[in-house]
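*Asks:*
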Amino acid sequence: MDPEYWARDIDPNVPSAARMYDYFLGGSHNFEADREAARRVIEAMPQAPLIARANRSFLRRAVRFLVASGVRQFLDIGSGVPTVGNVHEIAQGLDPDARVVYVDIDPVAISHAQQLLEGNTRATAIVADLRRPAELLDLLRRARTRAVLDLSRPVGLLMVSMLHFLPGEGTYRAAAALRDALAPGSHVVVSHPVSDAIDARAATEVEAVYRRTATPGGLRTRAEVQRFFDGYALVPPGLVWVPEWRPDDRADNAADDDGEPGADPRRVGMVA
Ligand code: SAM
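For the record, in the sequence shown the residue sitting at position 177 is 177 according to the UniProt record's numbering, with numbers rising by one throughout.
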């Protein structure tokens, strides 16, 4: 990785969830500590890279669905290291005027996003923490992000494969605070690994690896994931395994790409 990116307060010896995920996806924006931690996850759960790819496919389908539904602005929280098929590429590929703000707690992820977005006046990236929704909303109201995202118009709020890094009750309140700040017609997209479907020993080993990162996390049950949407209408088919959420294109389904057709039973996704 280019040393320019870790000149700031980044310790390359501490693995990061964002960079481990980049490794699962075959990216190169990771350090040896990230790769080593990711390899330990793969040892405990060999499907981890497949799950990551199926998750990215879900994200692409959800963004396409929202653009087709009239949404033109996206707030992607826990956006991670930019990789193939980023939200702005999908949304702006369908409508060049689509707007995207990327948010992540990982400064390396955001540095890469900012570099990628240079010259793109309709997309930007900021470092912020979902656990501090008031600060996040405050940042969104500042000039640089306000020029991109108009909070008086509908927004697609994406929290894809990231809420499990924020265990505890406070996360429901944080997600609700953001959701409540959005205009009518907004949508929320979530994917989340569920403990009901993961072998307990593998989960314990994986959690031990992530405990060494800055975002340790923990699983939720399917019912606990559903709680993020209490009182809201789910877009059909509702809360399902990610490859089952509107699989519009076989080539876009990572599970099928690997010759393993069918649902990936470890992560659920939905749009509300
Ligand atoms: N959303 C992307 C996707 O689905 O491809 C990336 C998911 S990656 C597994 C999870 C991301 O959540 C990481 O980049 C991590 O840094 C970020 N994250 C974890 N805790 C966070 C927090 N409290 N606020 C913002 N981002 C966070």
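Ideal Cβ positions, reconstructed from N, Cα and C, are used throughout, including at glycine.
Keep in mind it's a predicted model, so treat the numbers as computed, not measured.
Whole angstroms is fine: what's the gap from A183's alpha carbon to S69's?
*Replies:* Taking the sequence shown and counting its residues from 1, one reaches residue 183 at position 183. Taking the sequence shown and counting its residues from 1, one reaches residue 69 at position 69. Whole-angstrom Cα-Cα distance: 15 Å.
*Asks:* Say whether the region 53-64 touches the region 212-231, bearing in mind that this needs 3 or more beta-carbon pairs closer than 8 Å, one atom from each stretch.
*Replies:* No contact exists between the region 53-64 and the region 212-231.
*Asks:* In the DSSP assignment, what residue or residues form a beta bridge with T221?
*Replies:* Start at 1 with the first residue of the sequence shown, and residue 221 comes out as number 221. The partner list for T221 (beta bridge, DSSP) is empty, contrary to what the question assumes.
*Asks:* Would you say the beta carbon of G78 is closer than 7 Å to some non-hydrogen atom of ligand 1?
*Replies:* To locate residue 78, count along the sequence shown from 1; it is residue 78. Yes; taking the cut-off as 7 Å, the Cβ of G78 has a heavy atom of ligand 1 nearer than that.
*Asks:* Unbroken beta strand (DSSP E) runs of length 3 or more, entirely within the region 65-118: which are they?
*Replies:* 73-77 and 99-104, all fully within the region 65-118.
*Asks:* Across the region 157-164 and the region 69-80, are there enough close Cβ pairs to call them in contact, namely three or more that are closer than 8 Å?
*Replies:* Flag = yes, the region 157-164 and the region 69-80 touch.
*Asks:* When you compare each of A62, M20, V87 and D129 to G170 by their alpha carbons, which one comes out closest?
*Replies:* Position 170 of the sequence shown, counted from the first residue, corresponds to residue 170. For the residues A62, M20, V87 and D129, the minimum Cα distance to G170 belongs to D129.
*Asks:* How is the alpha helix (DSSP H) around V41 delimited, first residue to last?
*Replies:* Here residue 41 is taken as the residue at index 41 of the sequence shown, counted from 1. Residues E32 to A44.
*Asks:* Can you give me the C-alpha to C-alpha distance between R246 and L66, rounded to a whole angstrom?
*Replies:* The sequence position of residue 246 within the sequence shown is 246, counting from 1. The sequence position of residue 66 within the sequence shown is 66, counting from 1. C-alpha separation (whole angstroms): 12 Å.
*Asks:* Quick one: is G93 buried, meaning 16 or more other Cβ sit within 10 Å of its Cβ, or exposed?
*Replies:* Numbered from 1 along the sequence shown, position 93 holds the residue referred to as residue 93. Its Cβ having fewer than 16 others within 10 Å, G93 is exposed.
*Asks:* Counting C-beta neighbours from all protein chains within 10 Å, is the total for T121 16 or more, i.e. buried, or is it exposed?
*Replies:* For the purposes of this step, residue 121 is taken as the residue at position 121 of the sequence shown. T121 should be labelled exposed.
*Asks:* Between the region 136-149 and the region 100-119, are three or more C-beta pairs nearer than 8 Å?
*Replies:* Yes, since at least three Cβ pairs between the region 136-149 and the region 100-119 fall closer than 8 Å, the two stretches touch.
*Asks:* Of the choices P12, V188 and R212, whose alpha-carbon is the least far from that of F165?
*Replies:* Taking the first residue of the sequence shown as 1, we reach residue 165 at position 165. When each option's Cα is compared against that of F165, the closest is R212.
*Asks:* Evaluate T204 with the Cβ neighbour count: other Cβ atoms within 10 Å of its Cβ, from every protein chain shown; 16 or more gives buried, anything less gives exposed.
*Replies:* Numbered from its first residue, the sequence shown carries residue 204 at position 204. The residue is exposed, with fewer than 16 neighbouring Cβ atoms inside 10 Å.
*Asks:* Helix, strand or coil for T171 per DSSP?
*Replies:* For the purposes of this step, residue 171 is identified with residue 171 of the sequence shown, where counting begins at 1. Three-state result, T171: helix.
*Asks:* A125 to Q115, Cα distance in whole Å?
*Replies:* To locate residue 125, count along the sequence shown from 1; it is residue 125. To locate residue 115, count along the sequence shown from 1; it is residue 115. Answer to the nearest angstrom: the Cα atoms are 9 Å apart.
*Asks:* My output table needs one value for H29: the three-state DSSP class, helix, strand or coil.
*Replies:* Taking the sequence shown and counting its residues from 1, the one referred to as residue 29 is at position 29. Reduced to three states, the DSSP call for H29 is coil.
*Asks:* Can you name the residues that DSSP bridges to T124?
*Replies:* The residue given as residue 124 occupies position 124 in the sequence shown. Paired residues: V101.
*Asks:* Reducing DSSP to helix, strand and coil, say where V63 ends up.
*Replies:* If you number the sequence shown from 1, residue 63 lands on position 63. Three-state DSSP puts V63 in a helix.
*Asks:* Among V235, G238 and A202, which residue has its Cα nearest to the Cα of P46?
*Replies:* The count along the sequence shown starts at 1 and reaches residue 46 at position 46. Residue A202 is the option with its Cα nearest to P46.
*Asks:* Considering only the alpha carbon of each residue, which of A18, R39 and R131 lies closest to H29?
*Replies:* Residue mapping note: residue 29 aligns to position 29 of the sequence shown, counting from 1. Among A18, R39 and R131, the Cα nearest to that of H29 belongs to A18.
*Asks:* When DSSP labels each residue in this structure, what does S16 get in the three-state scheme?
*Replies:* What you label residue 16 is simply residue 16 of the sequence shown in a count that begins at 1. Of the three classes helix, strand and coil, the one that applies to S16 here is coil, per DSSP.
*Asks:* Which one of H112, E89, R64 and D95 has the shortest CA to CA distance from D22?
*Replies:* Here the question's residue 22 lines up with position 22 in the sequence shown. The shortest C-alpha separation from D22 is found at H112.
*Asks:* With DSSP as the reference, identify every bridge partner of L157, one or two as the case may be.
*Replies:* For the purposes of this step, residue 157 is taken as residue 157 along the sequence shown, with counting starting at 1. BP columns for L157 point to L75 and V188.
*Asks:* Within this structure, are the beta carbons of V81 and G27 separated by less than 8 Å?
*Replies:* One-based indexing of the sequence shown puts residue 81 at position 81. One-based indexing of the sequence shown puts residue 27 at position 27. In this structure, G27 lies closer than 8 Å to V81 by Cβ.
*Asks:* In terms of alpha-carbon separation, which member of A214, V190 and P107 lies closest to Y172?
*Replies:* As a position in the sequence shown, residue 172 is number 172, starting the count at 1. It is V190 whose Cα lies nearest to the Cα of Y172.
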